[in-house]
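Beneath this line is the structure, given in structure tokens, with notes to follow.
2 protein chains.
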Amino acid sequence: MAYPKLHRGIVLGMAALLATNAGAAAAQKKTEKELPPKPSVGDVLKASKAADWRPLDPENTLYLELPAGRVVIELAPAFAPNHAKNIKALARERYYDGLAIIRSQDNFVVQWGDPHEDDDKVRKVKDAQKTLPAEFTVPLSNDKQFVRMRDVDGFAPQIGHSNGFPVGRDPKAGQTWLTHCYGMVGVARGNESDSGGGTSLYVVTGQAPRQLDRNITVVGRVVAGMPLLSTLPRGPAPMGFYDKPELQVPIAAVKVAADVPDAERTHLEVMRTDSATYQAVLDAQRNRGGPWNKVSPNYLDLCNAQIPVREQKP
Amino acid sequence: MAYPKLHRGIVLGMAALLATNAGAAAAQKKTEKELPPKPSVGDVLKASKAADWRPLDPENTLYLELPAGRVVIELAPAFAPNHAKNIKALARERYYDGLAIIRSQDNFVVQWGDPHEDDDKVRKVKDAQKTLPAEFTVPLSNDKQFVRMRDVDGFAPQIGHSNGFPVGRDPKAGQTWLTHCYGMVGVARGNESDSGGGTSLYVVTGQAPRQLDRNITVVGRVVAGMPLLSTLPRGPAPMGFYDKPELQVPIAAVKVAADVPDAERTHLEVMRTDSATYQAVLDAQRNRGGPWNKVSPNYLDLCNAQIPVREQKP
């Protein structure tokens, strides 16, 4: 398997190629068609400039502190202004501290919230709101930074990225929304559109459940720490719920990064999705070069489009 | 959260709805548009008949025996006849027994094989083949059971299912192939197309890496036990490799089910994807009913199309 010799992934979450080095020393067959080599995502990132990146805004960054470490979530106030505000209010009144991860369903979501929601130990919301009107979509005018992808999509007339988030939009309806890609964070709700408010949140851990798009308020994206969530044992109860308290994963705290001393923050930066460099990142995935690749799809699925994140340079 | 009251998933791998019961007792707002209720996947499965299901063929079923339990893999000889045959030969000469899971990359794949491939403790292949010519695609005539989905797809001119497997096809090129959806199993290789043979296999554990379609030989699908693979700790080395032997997960054995006494087999059946019932399963996902759903995409992503599996009725 010779790991040290393998082509290496470079950034967090990079989906590198499968490889073994079996036969790697053998000469390429002359009869085999070759795709010309071209820059990989890693090559594009190496060549990126400081201006291609933006630091996370501490006022719109959450730290979900788990026993195993920190999950960093970037909120998207342009797409869910009221929910983003309310979730920060919940964090600041320490609503989440001591609650738990209550669900992990294979190939779908991990969800956290109050395990006592229906008994007399229920955690009370103080100054924040328990529920809010839905923000399943927002007007196109909310979003100033959309850059469209040319790739066809079955769920939305247009797709692309806005300020580091995957987005669908319907110009005729005048609507835009965040899409349910891996790592996206949404607001659990009951049957009524306005029955959620952020007291229970979920993160996508499986094949993008895009049927949830425009059916639920999406508030942000996990930018670091996904493995702390994606590897959690699947819950034995229906829908992956942890039906016994001892299965639940305690939440030490959810904090707004701005409230955390600078020395204790996780300093990350996200590639600017309205940069030319990001277009090159997309193209490096849409059409990959040889020698490993033999055919190229000339297509990129929105939810496979990497949104690079890296440690901020000091 | 009230788990007992939640809408329940029914089959392995079912992607059930997100729900909390917050406000569930509140009357539905009259101003809110309602989608009419319609049968869910669970409803369709409940109404299915025995003839809608087929048992796994023991001669084309593998058991990957791990310390935590058994992973059941269905081979697809129609799509990779030589590789399926070779992998069974490898299993029968006990090539895999004592090897290990050597890689888990978040949102991508888990891979197993010989950790000693490049040193003098390398496991020798006896009567099976170490490498084989690629079977990235096969002629359309190999596949007699294709049923097309009407949904647009960016990676293939046509998509659908054949005998329980997700499939892409290109009628002009006369080619058909298995697609890289969650749980699909493929043959790791080096740069040369013919540098794999099944000594190292991988399973998709993240957002479908469809760019690998037609670039690598796909041999089958995990039909039970995915959580044993999907929750494995992500490897710390580039591409998720376990760079220390103590991180590797030992493989007790890979067995062909036909070689296992009946009492020790896992008796499963898969929904026939050429049945009318399966078309109803697809439609239940393409258009979901109220009251939880507010908008319906009238679209189904190939890799979100469930392929139901259940325990065989005795």
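So the protein lines, in turn, are chains A and B.
If you're matching positions, the first sequence starts at 773 in the numbering used here and goes up one per residue.
If you're matching positions, the second sequence starts at 773 in the numbering used here and goes up one per residue.
Think of the CB as a built atom: it goes at the ideal place given N, C-alpha and C, for glycine as much as any other residue.
Residues of the segment 819-834 of chain B that bring their beta carbon within less than 8 Å of a beta carbon in chain A are absent altogether. Only residues of its own chain outside the window of five on either side were considered, and among them Pro929 have a CB closer than 8 Å to the CB of Lys944/A, listed in chain order. Within chain A, the residues whose beta carbon sits less than 8 Å from that of Met998/B are Asp878, Asn879, listed in sequence order.
The Cβ atoms of Val1026/B and Leu817/B do not sit closer than 8 Å to each other. The residue from Lys1066/B, Ile1023/B, Val1032/B with its alpha-carbon nearest to that of Leu871/B is Ile1023/B. The Cβ atoms of Glu1036/A and Leu828/A lie no closer than 8 Å to each other. Cβ neighbours of Asn1070/A within its own chain (closer than 7 Å, five residues either side excluded): Arg1058, Asn1059. Collapsing the DSSP output to three states places Thr971/B in coil.
Interface residue (Cβ-Cβ distance to chain A less than 8 Å): Gly978/B is classified as such. For the pair Gln883/A and Tyr954/B, the CB atoms are not nearer than the 8 Å cut-off. For His888/A, the secondary structure class from DSSP, reduced to helix, strand or coil, is coil. Closest option to Gly841/B, judged by alpha-carbon separation, among Pro999/B, Gly1061/B, Glu1083/B: Pro999/B.
For the pair Pro1008/B and Gln1020/B, the Cα-to-Cα distance works out to about 11 Å. Excluding sequence positions up to five before and after Val990/A, its CB lies within less than 6 Å of the CB of Leu950, Met956, Gly958, all in the same chain and listed in chain order. One alpha carbon belongs to Val843/A, the other to Leu847/B, and they sit about 38 Å apart.
Between Met921/B and Leu1054/B, the CB-CB gap stays under 8 Å. Fewer than three pairs of CB atoms, one per stretch, sit closer than 8 Å, so the segment 885-893 of chain B makes no contact with the segment 1044-1054 of chain A.
Taking the Cα positions, Ala1056/B is about 19 Å away from Asn879/A. Put simply, the backbone Cα of Thr903/A is about 45 Å away from that of Ser812/A.
Glu831/B counts as exposed, since fewer than 16 other C-beta atoms from the protein chains shown sit within 10 angstroms of its C-beta. Taking one beta carbon from each stretch, the segment 957-977 of chain B and the segment 992-1006 of chain B have 3 or more pairs nearer than 8 Å; the two touch. For the segment 1040-1069 of chain A, the beta-carbon criterion of a distance under 9 Å to any beta-carbon of chain B is satisfied by Gln1057, Arg1058, Arg1060, Gly1062, Pro1063, Trp1064, Asn1065, Lys1066, Val1067, Ser1068, Pro1069. Distance from Asp925/B to Leu1072/B at the Cβ level is roughly 10 Å; contact not present, criterion being Cβ atoms closer than 8 Å. The alpha-carbon of Asp1031/B is positioned some 15 Å away from that of Tyr868/B. Around the beta carbon of Glu1018/A, fewer than 16 other beta carbons sit within 10 angstroms, so the residue counts as exposed. Taking Glu837/B as the centre and dropping the five residues before and after it, the same chain places the C-beta of Ala1024, Ala1025 closer than 6 Å to its C-beta, in chain order. Legend: CB atoms of the segment 914-926 of chain A lying less than 7 Å from CB atoms of chain B belong to residues Asp923, Val924, Gly926. By the Cβ neighbour-count rule, Glu964/B is buried, with 16 or more other Cβ atoms within 10 Å of its own. Secondary structure note for Ile859/B: its alpha helix (DSSP H) is the uninterrupted segment 853-864. Closest option to Gln983/B, judged by alpha-carbon separation, among Ala822/A, Gln877/A, Ala1077/A, Asn858/A: Ala1077/A. Distance between Ile988/A and Asn1065/B, taken at the CA atoms: about 9 Å.
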